[in-house]
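Some notes on the structure that comes next.
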Amino acid sequence: MLESPLVVASSLILGGLVLLKVDDWVGNNQQTEVSYSTAFKIGLFQCLAMIPGISRSGASIVGGMSQKLSRTTAAEFSFFLAIPTMLGATAKKLYDYYQMGFDLTTDQIQLLALGNGVGFLVALVAIKSFIGYL
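In the working numbering, the protein residues as written are 96 to 229.
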């Protein structure tokens, strides 16, 4: 049911509207420190991204702003929150392939490491550019 085009389209539209309106709902937030309880609450918002069509970064940015973080701090935290999320997803996918009997060659492991490294560097540049825009 969750993979239906209607759910995905509705989630995309609703998520976009929430991102457009979150500033109006939460006001002018200036908090720049992220406490453990705030981080946990943002993580709960990130769980909404398990619904197809909901952006992980969008959900965590909205979660941060709902906890009175500034837009810039919420966006920075969202991007840094992606690191363990993506590493965990990669580890799970590799484990799934291992369970199915697929073996990785040394070349494939090197390419995977290189791809992750390049992706990380590009993400840092993108984050810096995006934060500068905010």
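Ideal Cβ placement from N, Cα and C applies to all residues, glycine included.
With 16 other CB atoms within 10 Å as the buried threshold, where does residue i fall?
i, result
"alanine 170", "buried"
"glutamine 141", "buried"
"serine 224", "exposed"
Check residue i in the structure and name its three-state DSSP category.
i, result
"leucine 199", "coil"
"glutamine 194", "helix"
"glutamine 141", "helix"
"glutamine 125", "coil"
What distance in whole Å lies between the Cβ atoms of residue j and residue i, which are believed to be in contact at a cut-off of 8 Å?
i, j, result
"threonine 167", "isoleucine 226", "6 Å"
"serine 155", "leucine 182", "Not confirmed; about 16 Å, so no contact."
"threonine 148", "valine 113", "Sequence inspection shows glycine at residue 148; the threonine mentioned does not correspond to that position. Actually they are not in contact, since the Cβ atoms of glycine 148 and valine 113 sit about 12 Å apart, beyond 8 Å."
"glycine 122", "lysine 136", "Wrong, their Cβ atoms sit about 17 Å apart, outside the cutoff."
"glycine 214", "serine 150", "Not really, about 18 Å apart at Cβ, beyond 8 Å."
Leaving out the 5 sequence neighbours to the left and right, which residues in its chain are closer than 6 Å to residue i when beta-carbon positions are compared?
i, result
"threonine 133", "Gln162"
Excluding five sequence neighbours on each side, which residues of the same chain lie with their C-beta closer than 7 Å to the C-beta of residue i?
i, result
"isoleucine 178", "none"
Quick check: does the Cβ of residue i come within less than 7 Å of any heavy atom belonging to the ligand ADP?
i, result
"glycine 111", "In the structure shown, the ligand ADP is absent, as is every other ligand, since no ligand is present at all."
Stretch pair the region 195-209 + the region 149-165: three plus CB contacts closer than 8 Å | no
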